[in-house]
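FYI, the numbering for the sequence shown is 1413 to 1524, going by the numbering used here.
Idealized CB from N, CA, C, for every residue including glycine.
Here is the structure we will look at.
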Amino acid sequence: MLAVPIKADCKVPEVSITPVDYLEYGKCFLRYTTSREIRIVNQDDLKAKFEIMQQDEQSKRIGIYEADIMSGEIEPKSTQIVNIKLRTEIIGQVRIPFYIKLEGAYLTTLMQ
């Protein structure tokens, strides 16, 4: 019997999102949908997978968001644009956590 060793170098693609700190909506009308975009940039030579995480029920009392693309693959050295619609449910300043799952990492941004 002959044994052949298996060798691999496991990596996670280098991915960034813009905007970095928060997704700025500015002034919004109550229960009116406003749209902004995020860019998910794959800076690596590997494909990247992303998934927009479902919003938790508690934050839906403040505002409701939905993405036009909930998951997908990003080709090497390319960018995926995702439009995020926000409908506010309260008057005043709104901050909602928004999570993007990447293979091997989580990215978080705030919507305000």
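query	result
Which stretch, first to last residue, makes up the beta strand (DSSP E) that contains PRO1509?	1508-1514
Run through the DSSP bridge pairs and tell me what VAL1402 is partnered with.	Outside the displayed span of the chain (1413 to 1524) sits residue 1402, for which this structure offers no information.
In whole angstroms, what is the alpha-carbon distance linking VAL1494 and GLN1470?	23 Å
Out of GLY1504, ASP1480, ALA1420 and GLU1463, state which residue places its alpha-carbon closest to the alpha-carbon of SER1447.	ASP1480
Could you check whether SER1490 and PHE1462 sit closer than 8 Å to each other, using their CB atoms as the reference points?	no
Among the residues of its own chain, which have a CB less than 6 Å from the CB of ARG1451, if the five just before and after it don't count?	THR1430, THR1491 and ILE1493
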